[in-house]
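Single-structure report; data block below.
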Amino acid sequence: MPNTFFKINFNVFLLLFLLYNCCRGGAGREVSNIKKQNGSVPVPEVFVAMEGNRKVTENLMTPEEIEKIVKSLEIINEKMEPPRPGDWLWVHSEPGQSFTEYRSSHQFLLNSRRRIIYIQPLGSFTEGQKKIMERTADFMERFFGIEVKIKKALSLENIPSSAKRVHPEWGDKQINSGYILNKILIPLVSDDAVGLLGFTATDLWPGEGWNFVFGEASLSDRVGVWSIYRKGNADGSPAEFRLVLRRTLQTAVHEMGHMLGMLHCKKWKCVMNGSNSLEESDRRPLSLCPECLAKVLWVTGTNPVARFEKLREFYKNEGMEKELNYVKKALEIVSENRK
Numbered sequence: 030m031p032n033t034f035f036k037i038n039f040n041v042f043l044l045l046f047l048l049y050n051c052c053r054g055g056a057g058r059e060v061s062n063i064k065k066q067n068g069s070v071p072v073p074e075v076f077v078a079m080e081g082n083r084k085v086t087e088n089l090m091t092p093e094e095i096e097k098i099v100k101s102l103e104i105i106n107e108k109m110e111p112p113r114p115g116d117w118l119w120v121h122s123e124p125g126q127s128f129t130e131y132r133s134s135h136q137f138l139l140n141s142r143r144r145i146i147y148i149q150p151l152g153s154f155t156e157g158q159k160k161i162m163e164r165t166a167d168f169m170e171r172f173f174g175i176e177v178k179i180k181k182a183l184s185l186e187n188i189p190s191s192a193k194r195v196h197p198e199w200g201d202k203q204i205n206s207g208y209i210l211n212k213i214l215i216p217l218v219s220d221d222a223v224g225l226l227g228f229t230a231t232d233l234w235p236g237e238g239w240n241f242v243f244g245e246a247s248l249s250d251r252v253g254v255w256s257i258y259r260k261g262n263a264d265g266s267p268a269e270f271r272l273v274l275r276r277t278l279q280t281a282v283h284e285m286g287h288m289l290g291m292l293h294c295k296k297w298k299c300v301m302n303g304s305n306s307l308e309e310s311d312r313r314p315l316s317l318c319p320e321c322l323a324k325v326l327w328v329t330g331t332n333p334v335a336r337f338e339k340l341r342e343f344y345k346n347e348g349m350e351k352e353l354n355y356v357k358k359a360l361e362i363v364s365e366n367r368k
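The numbering used here numbers the first residue of the sequence shown as 30 and each following residue consecutively.
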């Protein structure tokens, strides 16, 4: 009886959520250079809640304790500025999502059974891109406090012609992101997976009316995909490598955040902000705002001090000075508040 009751209520919630976001233009894809058709922008798919239980772990903080910690971090975070013409929020109307709404609206998928984030390489990569992928796996583990494993690469040679195209204006070879999610990744999701993220060096596009996407995720199926294609030259100079790394980390944790039930952030400058271009993405931080950090701490049970310590080590090793300075300040504030 309890399981039946939950499923009915989950489906009711899902239907209402979809209707609400369709009316509001809810976000579901990280896109760039959107083509308008008949004077309107195609409505993207929305991210929906997942069934499951909150992670079973010891010493979980209460919502009140989490709110106290993230409140103290507001001093080193910036509120979202009004969108510029062409920015994500200029094009898309979104409801946002508070910590309270996140807790009340989602059933979390982390539990003692689902405990690993898998990265599924798709296609071939240069040596620099392989290093980016390895560092991304390391970063995600520190960022979410969840074990991350890289799977053996899969070939993209058998993608049907219906799921491929050459961009009509730019000439870029592209693969349909929906095909990757539905036909390649979903059948590969294992019982122990928090999520399965496809990673490719091939350009992605989600369908008619779109030029390309940086990444896309389906919360109901625990899958996502993101591309390094438009991130820059991973085999260039150390500075070029760091730029590609930052951009790749940004998309990876953003898509994983969606897979954990997080909607786009519109209150703060945050890695969960929607993005309509690479230029807009580069203006956004790699860090979570206080509101979105609260969601990650809640759903994962991660110790905030340990989290910032691990991120500090990563940023120092990679020479990411801006991110390192932020984490040092955050660590000092959080450590003081945890005493």
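Glycine included, C-beta positions come from ideal geometry on N, C-alpha and C.
DSSP, read as helix, strand or coil, puts D201 in coil. The segment 246 to 265 makes contact with the segment 212 to 225; the number of CB pairs closer than 8 Å reaches 3 or more. By a beta-carbon distance limit of 8 Å, L317 contacts M301. Their separation comes to about 7 Å.
In the assembly as shown, E198 is an exposed residue. Its beta-carbon has fewer than 16 other beta-carbons within 10 Å. D167 carries a helical assignment under DSSP once its states are collapsed to helix, strand and coil.
Under the three-state reduction of DSSP output, I188 falls in the coil class, being neither helix nor strand. The three-state reading of DSSP puts G207 in helix, counting H, G and I together. Cβ contact annotation for L274 (same chain, cutoff 7 Å, sequence separation greater than five): I161, R164 and E347, in chain order.
Looking only at I257, S141, A166 and K180, the smallest Cα-Cα distance to L307 is reached by I257. Less than 8 Å divides the Cβ of Q203 from the Cβ of D232. Residue pairing for K108: DSSP places it in a beta bridge opposite W297. The segment 319 to 345 contains, as complete alpha helix (DSSP H) runs of 4+ residues, the segments 319 to 329 (chain order). Around the beta carbon of V328, a 10 Å sphere encloses 16 or more other beta carbons of the protein chains shown; the residue is thus reported as buried. By the C-beta density criterion, G207 is buried, having at least 16 other C-beta atoms within 10 angstroms. Within 10 angstroms of the beta-carbon of W119 lie fewer than 16 other beta-carbons, which makes it exposed. Per DSSP, the unbroken beta strand (DSSP E) holding A246 starts and ends at F241 to S247. CA-CA distance, S266 to L272, rounds to 10 Å. By the Cβ criterion, the segment 146 to 157 is in contact with the segment 182 to 196, since at least three pairs of Cβ atoms, one from each stretch, lie closer than 8 Å.
The C-beta distance from G290 to Y147 rounds to 18 Å, too long to fall under 8 Å, and the pair is not in contact.
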